[in-house]
Amino acid sequence: MKNRFTATALIASAAAAALLLTGCVAGENQPAAEAAVSTDAATGIVTQGGTLNIDFATYNPLSLVIKEQGWLEEALADQEITVNWVQSAGSNKANEALRANAIDVGSTAGSAALLARSNGSPIQVIDIYSQPEWAALVVPDGSDIGSVEDLKGKQIAATQGTDPYFFLLQSLEEAGLGLDDVTVQNLQHADGWAALQNGSVDAWAGLDPIMAGAEAAGAELAYRNVDFNSYGFLNATESFITEKPDVAQTVVDVYEHARAWALENEEETAQILADVAGLDLAVATKVITERSNLGVDNIPGNAQIDVLTTIGPIFVKTGDVLEQSQVDDALDTIVNDTFATKADPTVVE
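Counting with mature numbering (1 follows the signal peptide of the UniProt record, and there is no 0), you get residues -26 to -1, 1 to 323 for the letters of the sequence shown.
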């Protein structure tokens, strides 16, 4: 069952936590909104000018809300920081952009973030944006595939380095199958759905909201398992965290404001998703109300590490990571809860 909070309760609890941590009222005699954009309490760094490069993605509804509402631009206006929005088509693309320093902050599944960190990408998760059931195994209407075991010898579309791909691997392992028992076509999410439609593949490791649209078009979810879905990670490069911690804090603050707003305004959130993703409103509503779980605790920690500890060895088994020690090091260093712990949703009035 989803966790539900009112916007007022969420904002109040986050603001109270921030006050307890700082030991003072925001900025002493300053209003909270002004204090939030002034100085990073731990470092004294105040960023002036420049550009924040940040992604938005249809699999991260909070990013769509923030972009639509212009809240980041508002929160960073006094510092004269320009916000440059870059769309991510999947976790793999977000990771590529983070590694290339094309973006400072990017949205991925937790599994994809761990894979990137295990292979040397200097990123850390600074906020949790959802706990979704966003991946499943999809087959065409009327398919004779009724179980994971039926996938043996079949062609499957999946986007390597993303949660649906790791969902597929876990599903195969649970069924006593491996990658040698199937043929995986490495296609981006939208292309995977297209391949399923034209008969190029027998199954697709799908991702919402495209998957929800596929269901509406008649496709069937042959296998679902919420435990095989990892959390939605908001990641930042270590250089960004080190050089612009005040901006990183503002990003997380705005995300937490967006979470409260989205939980209170599900219909409007669904409409934003429908507009950006080109979905029918009913499909977008299903994604937001049934499969996104935006009411999750935003602070990264043990809950996410527990899930990733299970997924990590699969990376080594499949050759995506050379040694388990790389995964272990990534598990020890991927979480940075500094900003989420101090999140102040009142940065946006």
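Ideal Cβ positions, reconstructed from N, Cα and C, are used throughout, including at glycine.
One alpha carbon belongs to ALA232, the other to PRO319, and they sit about 8 Å apart. Take ALA304, set aside five residues on each side of it, and the residues of its chain with a beta-carbon closer than 7 Å to its own are LEU88, ARG91 and SER92, in chain order.
LEU247 is positioned such that its CB atom lies closer than 8 Å to that of PRO183.
Contact between ALA76 and VAL57 is absent: CB atoms are separated by about 15 Å, not below the 8 Å threshold. Of the candidates THR224, GLY80 and GLU242, THR224 places its Cα closest to the Cα of ALA317. Counting the other Cβ atoms within 10 Å of the Cβ of VAL281 gives 16 or more, which makes it buried. Just so you know, the alpha carbons of TRP45 and ILE55 end up roughly 13 Å apart. Under the three-state reduction of DSSP output, VAL250 falls in the helix class. For the pair ILE100 and PHE289, the CB atoms are not nearer than the 8 Å cut-off. Annotation for LYS126: LEU151, ASP155 and VAL156 place their beta carbon closer than 8 Å to its own, counting only its chain and skipping 5 residues before and after. When the Cα atoms are used, GLU189 and SER213 turn out to be separated by approximately 41 Å.
Note that the region 126 to 140 touches the region 64 to 76; at least 3 beta-carbon pairs, one per stretch, sit closer than 8 Å. Non-local C-beta neighbours of THR263 in its own chain, meaning closer than 8 Å and more than five positions away in sequence, comprise GLU240 and ALA244, ordered along the chain. Going by DSSP, ALA90 is part of no beta strand (DSSP E) but of the alpha helix (DSSP H) stretching over 84 to 92.
For the alpha helix (DSSP H) assignment, the uninterrupted runs of no fewer than 4 residues enclosed by the region 71 to 157 are, from N- to C-terminal side, 84 to 92 and 137 to 148. Boundaries of the alpha helix (DSSP H) harbouring TYR229: 219 to 238, taken from the DSSP string. Around the beta carbon of SER121, fewer than 16 other beta carbons lie within 10 angstroms, which makes this residue exposed.
Taking a C-beta distance under 8 Å as the contact criterion, VAL257 and GLY187 qualify as a contact pair.
For GLN53, the secondary structure class from DSSP, reduced to helix, strand or coil, is helix.
Its Cα nearest to that of GLY192, the residue GLN171 stands out among ASN209, ARG265 and GLN171. Counting other Cβ atoms within 10 Å of its Cβ, LEU296 stays below 16 and is therefore classed as exposed. Residue pairing by DSSP leaves VAL20 without any beta bridge partner. Of the candidates TRP167, ALA179 and GLY173, ALA179 places its Cα closest to the Cα of LEU143. One thing to note: ALA169 has its Cβ no nearer than 8 Å to the Cβ of LEU111. Going by DSSP, ALA190 is part of the alpha helix (DSSP H) stretching over 184 to 190.
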